[in-house]
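Enquirer: For the protein sequence lines, the chains are A and B, in the order given. According to my numbering, the first sequence is numbered sequentially starting from 1. According to my numbering, the second sequence is numbered sequentially starting from 515. Yeah, the Cβ is synthetic: ideal placement off N, Cα and C, and Gly gets one too. Every value quoted in this text rests on a predicted model; they were computed, and no experiment measured them. Following this message is one structure expressed as structure tokens.
Protein chains: 2
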Amino acid sequence: MYHYGVGKTATSVDLALHPPPDGAVLFRWLYHEIRSAILEGRLRRGARLPATRELAKRYRISRGTVISTFDQLQAEGYLEARVGAGTRVNTHLPEDLLPAKSGVSAAGARKSPRPKLSKYGLRLTPAPDVRVPPPRPFRLLTPAFDAFPLSLWSQIASRRLRGVTRQLLADENPRGYRPLREAVSAYLGSARGVRCTWDQVIILAGIQQALDLTARIVLDPGDEVWLEDPCAFLVADMFRAMGARVVPVPVDDQGLNVAEGRRRSRRAKLAYVTPAHQFPLGVSMSASRRLALLDWARQSGALIFEDDYDSEYRYAGRPLPSLQGIDTTGSVILAGSFSKVLFPSLRLGYLVASGELVEKFAAGRMLMDRHSSLIDQAILCDFITAGHFGSHIRRMRELYAGRLAVLCDAVRRKLRGALEIGETQAGMHTVGWLAVGLDAGAVAKAAMERNVEAIPLRRFCLKARHPEGLLLGFASVDDNELRRGVDRLAAALEDCSRRSSNEPGASLRGSRSG
Amino acid sequence: MYHYGVGKTATSVDLALHPPPDGAVLFRWLYHEIRSAILEGRLRRGARLPATRELAKRYRISRGTVISTFDQLQAEGYLEARVGAGTRVNTHLPEDLLPAKSGVSAAGARKSPRPKLSKYGLRLTPAPDVRVPPPRPFRLLTPAFDAFPLSLWSQIASRRLRGVTRQLLADENPRGYRPLREAVSAYLGSARGVRCTWDQVIILAGIQQALDLTARIVLDPGDEVWLEDPCAFLVADMFRAMGARVVPVPVDDQGLNVAEGRRRSRRAKLAYVTPAHQFPLGVSMSASRRLALLDWARQSGALIFEDDYDSEYRYAGRPLPSLQGIDTTGSVILAGSFSKVLFPSLRLGYLVASGELVEKFAAGRMLMDRHSSLIDQAILCDFITAGHFGSHIRRMRELYAGRLAVLCDAVRRKLRGALEIGETQAGMHTVGWLAVGLDAGAVAKAAMERNVEAIPLRRFCLKARHPEGLLLGFASVDDNELRRGVDRLAAALEDCSRRSSNEPGASLRGSRSG
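Quick look at the structure:
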């Protein structure tokens, strides 16, 4: 087998130079090429250049020319040579020789292109390039990292990598790794009441991809889609970017109001719903609404996208099987994610569909990005079939029930009269309803100043009006952090009332009444 | 910390039952629910049911009812109870009770939906659900699995998993993991002559995703795109599925014929090219054609998609820097893949863009599938920054040069007069030109019967006419397998000539002349 270097020092960089123009003096050409590679930052400080012999051979020039060039560049301070370490770009190159550090990006510094974009391209709204900070109270849609059995996962991953087969490295099936599809189908059958065989399961990068793929396969620009109102940002953004006509359908304590949906749009081809635990309101869709929604789909020939995002967590009452499980006409596309149960950066999820849709999804996936990493799929499959996934969900269900209780208790004790949490039976977040007169935007801002995330409910509303509320995730941090979070939220609420009494003109109550 | 079960036997399944109708007899309801879950295959043989106490609590029924139901189902042979192992679905359930095995899928058996699809959805052509067999001669676009340092990769992966930070688990940036973007930018700068800063690099699932994203951001249905002719299947399929007007532009020994492209379409908004090593013909785009292509893009405001898919491998002559490196107007989007250098199931690649395009790509990625697995990105980053990636490429360059020589030698000795390989200086495949009179389709079919992959060149042609040729990948299998592959190809060629002389009507030469 091959010997691999043990560190940066062991290997020289590959070096691709633009060819010398006809009749060029080779010394001058080589000098210029290497020098500009250094000045433009393509050759980094400390980077080791190929051996003179190798360069000479590759570019069919004499070794003497290469040596003279290196000597010259060394004399000028661009390169340095150390015995046994070859020739490198000078690690102490003066700052002023080097290009502006990115941040002021070369992308901006170069003559900026004004490419002609598509309608989709023009509709995309760039988001700032920021790192997501580590979990803090009350992050949404984020599991408990501290409780994820990383070393167990790592063991399973290592075992799988050591025993990896050529088949596993070579296969590429846009439907996913068959044993994982079988495991997912078995899990969904028992835990979510989903009626499907393994070949109806497609492994994807997550719910967002399932939704994007569904939208592309079902909707043309101008087609109507029902969205729950309120609704997750990325869902509404995605449909709008692709040119679909978003029809907001209000949500009440029984879930999506199907009758209102019918009034607002009879021609919708797709409905997006979160029946298990509405995002963001947290209600579960009632049995009669489920039947009404299926009725509508059957009559109108529309499809239903069931986003089953945190259905694993139900703390009271009986488990609620999926909408898909009571559908008899193949109108429901169900999608779920492993990233929200295990860890977000995993990027594995699934969808379940019927009939010809399965093959359309597979064909679309192939053209979009082919398939998900097979090794990641195999590791996850091992984790599930060994029983760890089931155990993990049960542990997390207990853990999150405890965290929810801690949150409710702390809110009752510290925020009485200012913020109230309704009965919460499921999921990884709840809504904190603010007392009349408090402005969720102002509270959220003050909370963020204290390193607490509490997103105003109204930011998720398309047209709907709701009392002022804050979304509070309770899964991602432990009991103590949750309690500290509530303390800091209480302080933020005080900041707000202080500000609004001190500067009535600029206050947020003021900003509404004029 | 939590204790996790050690195997399948340790945990019971989660069980979601459809709620009892009002006034239902609870025993009958529970009996029916569990029995149909078993009969429909949602509860598998051997699956362990939740404890009676837990079920009773969850569904708010008496434990006595649960016990009677279990007893009844056990008496009928659906369940079995073992001391200390709880109640399970009978592992010896008679075959005839169980649902038809998939294959005849329930997807088909259920009332098949006829959903209204979008134009994109209608254009998608389903592909058969087959496993890709392990590498065999002369598989295309597939690296040498046998030479990939799996144990080193596995060590690096384990180290990264053991030391994983909450930041790494939590972050989600559609642009990718910053240290990996820096490493890619450094690598591309030196090895490919790419001029970019790290913030112009976006990590994606691969070249196919880069292309799909580019197409969505740049093209509306009906817009024209230049494709090299011949061209990879998935590229043409992708553009057609999204409704773009594909303009085939012929390729000669200098690469894409820019003048011919201008004649065929002046309004194209995008050109797709493989300048380093044209797929599938294998030619490198000449310097004058590169300049002509950039000129066209500048004048017409079009963008160029540079697919740099196997540019790492150049066996003779000087390295060819990327087209992106000589572009001064930001017209080139460069994309590359790690899957073709390391292993196909990895699903990591990159694109490099300029100006506002970078942010458009990031915004589009977020809506498509958010981002790539951060842990996978971090492992790859460790592999690169420790120097292993550079070493691996150099090893593979030597290895593939050797395999190419073995292939050429064997073809010269065994296939003289029937198949000829031109001068090959780069990449992971070459074209074998067939002697006049031989039909590539017939030879490919006969080769496949002997477990040898040799795809006819004409299958990649959009409109172009070329002499009959077969594509021969030489990277994925070792010298001995390559030699055996040539032997089997020789036998296949004999099969063909025997068939064509025996059955002139059905022969492939016959099928042309009538």
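Taking Cβ-Cβ distances below 7 Å as the criterion, which residues of the segment 114-126 of chain A are in contact with chain B?
Expert: So the close ones are 115, 116, 117, 118, 119, 120, 121, 124, 125, 126.
Enquirer: Apply the 10 Å Cβ neighbour rule to residue 912(B) and answer buried if 16 or more other Cβ atoms are within range, or exposed otherwise.
Expert: Exposed, by the Cβ-count rule.
Enquirer: Can you list, in chain order, the residues of its chain with a C-beta nearer than 6 Å to that of residue 775(B)? Leave out the 5 residues immediately preceding and following it.
Expert: Excluding residues within five positions, the ones whose Cβ falls inside 6 Å are 740, 763.
Enquirer: Give the DSSP bridge partners of residue 336(A), in chain order.
Expert: Looking at the DSSP assignment, residue 336(A) forms a beta bridge with 350(A).
Enquirer: Are the C-beta of residue 497(A) and some C-beta of chain B separated by less than 8 Å?
Expert: Residue 497(A) does not count as touching chain B.
Enquirer: How would you call residue 209(A), buried or exposed, if buried means at least 16 neighbouring beta carbons within 10 angstroms?
Expert: Counting Cβ neighbours within 10 Å, residue 209(A) comes out buried, since at least 16 surround it.
Enquirer: Does residue 343(A) pass the burial test, meaning 16 or more other C-beta atoms within 10 Å, or should it be called exposed?
Expert: Per the 10 Å Cβ criterion, buried.
Enquirer: Could you give the C-beta distance for residue 817(B) and residue 811(B), rounded to a whole number, given that I count them as a contact under 8 Å?
Expert: Rounded, the Cβ-Cβ distance is 7 Å, consistent with contact.
Enquirer: To which residues of the same chain is residue 501(A) closer than 7 Å at the C-beta, ignoring the five residues directly before and after it?
Expert: Same-chain partners within the cutoff: there are none.
Enquirer: Whole-angstrom Cβ separation of residue 704(B) and residue 37(A), contact assumed at under 8 Å?
Expert: That belief holds up - the Cβ atoms of residue 704(B) and residue 37(A) are roughly 7 Å apart, short of 8 Å.
Enquirer: Kindly say whether residue 304(A), judged by its beta-carbon, lies nearer than 8 Å to any beta-carbon of chain B.
Expert: It does not: the Cβ of residue 304(A) has no partner Cβ on chain B nearer than 8 Å.
Enquirer: Could you check if residue 92(A) is buried or exposed, using at least 16 other CB atoms within 10 Å of its CB as the buried criterion?
Expert: Residue 92(A) is exposed by the Cβ-count criterion.
Enquirer: So, does the segment 994-1009 of chain B touch the segment 635-654 of chain B, judging by three or more C-beta pairs under 8 Å?
Expert: Cβ pair count under 8 Å is three or more, so yes.
Enquirer: Closest by CA to residue 180(A), which one among 372(A), 151(A), 490(A), 458(A)?
Expert: Of the listed residues, the one whose Cα sits closest to residue 180(A) is 372(A).
Enquirer: Residue 204(A) bridges to which residues according to DSSP?
Expert: According to DSSP, which records beta bridges pairwise, residue 204(A) is partnered with 349(A).
Enquirer: Just curious, the alpha helix (DSSP H) that residue 584(B) is in, first and last residue?
Expert: Here the alpha helix (DSSP H) through residue 584(B) covers 577-589.
Enquirer: Keeping to the same chain, check which residues put their C-beta closer than 7 Å to that of residue 194(A); ignore five residues upstream and five downstream.
Expert: The residues are 188, 322, 324, 325, 334, 352.
Enquirer: Going by the beta-carbon positions, is the gap between residue 350(A) and residue 427(A) smaller than 8 Å?
Expert: No, they are not a contact pair.
Enquirer: Identify the continuous alpha helix (DSSP H) that holds residue 179(A) and give its terminal residues.
Expert: Residues 178-191.
Enquirer: Let me know the secondary structure DSSP gives residue 487(A) once reduced to three states.
Expert: Helix.
Enquirer: According to the neighbour-count rule (16 or more other Cβ atoms, all chains shown, within 10 Å of its Cβ), is residue 746(B) buried or exposed?
Expert: So residue 746(B) ends up on the buried side.
Enquirer: Is residue 620(B) close to chain A? Criterion is C-beta to C-beta, closer than 8 Å.
Expert: Caution applies to residue 620(B), whose pLDDT of 42 falls short of 50 and renders its modelled position unreliable; the model cannot decide the point.
Enquirer: From what residue to what residue does the beta strand (DSSP E) around residue 546(B) run?
Expert: From DSSP, residue 546(B) is part of no beta strand (DSSP E) but of the alpha helix (DSSP H) over 540-553.
Enquirer: Please report the straight-line C-alpha distance between residue 808(B) and residue 779(B), rounded to a whole angstrom.
Expert: Rounded to whole angstroms, residue 808(B) to residue 779(B) spans 16 Å at the Cα level.
Enquirer: Using a C-beta cutoff of 8 Å, does residue 13(A) count as contacting chain B?
Expert: Judged by the 8 Å Cβ criterion, residue 13(A) is in contact with chain B.
Enquirer: Leaving aside the five residues before and after residue 379(A) along the sequence, list all residues of the same chain whose C-beta is less than 7 Å from its C-beta, in chain order.
Expert: Hits under 7 Å: 156, 157, 160.
Enquirer: Looking at the structure shown, is residue 943(B) part of a helix, part of a strand, or coil, going by DSSP?
Expert: The answer is strand: DSSP assigns residue 943(B) an E or B state.
Enquirer: When burial is assigned at 16 or more other CB atoms within 10 Å of the CB, is residue 646(B) buried or exposed?
Expert: Exposed, because fewer than 16 other Cβ atoms sit within 10 Å of the Cβ of residue 646(B).
Enquirer: Applying the criterion that 16 or more other CB atoms from any shown protein chain within 10 Å of the CB defines a buried residue, is residue 730(B) buried or exposed?
Expert: Answer is buried; the Cβ neighbour count reaches 16.
Enquirer: With DSSP run on the structure shown, which of helix, strand or coil describes residue 988(B)?
Expert: Here residue 988(B) sits in coil by DSSP.
Enquirer: Should the segment 590-604 of chain B be regarded as contacting the segment 560-575 of chain B, the criterion being three or more beta carbon pairs within less than 8 Å?
Expert: Verdict: yes, contact present.
Enquirer: Taking only beta-carbon positions, decide if residue 29(A) is within less than 8 Å of chain B.
Expert: By this cut-off, residue 29(A) is not an interface position.
Enquirer: The beta strand (DSSP E) with residue 161(A) in it runs from where to where?
Expert: From DSSP, residue 161(A) is part of no beta strand (DSSP E) but of the alpha helix (DSSP H) over 150-162.
Enquirer: Would DSSP call residue 344(A) helix, strand or coil?
Expert: Residue state, collapsed to three classes: helix.
Enquirer: Tell me whether the segment 474-483 of chain A and the segment 244-258 of chain A touch, counting them as touching only if at least three CB pairs, one residue from each stretch, are closer than 8 Å.
Expert: The segment 474-483 of chain A vs the segment 244-258 of chain A: no contact.
Enquirer: Go through the segment 234-258 of chain A residue by residue and report every complete run of the beta strand (DSSP E) that reaches 3 residues or more, in order.
Expert: 245-252, all fully within the segment 234-258 of chain A.
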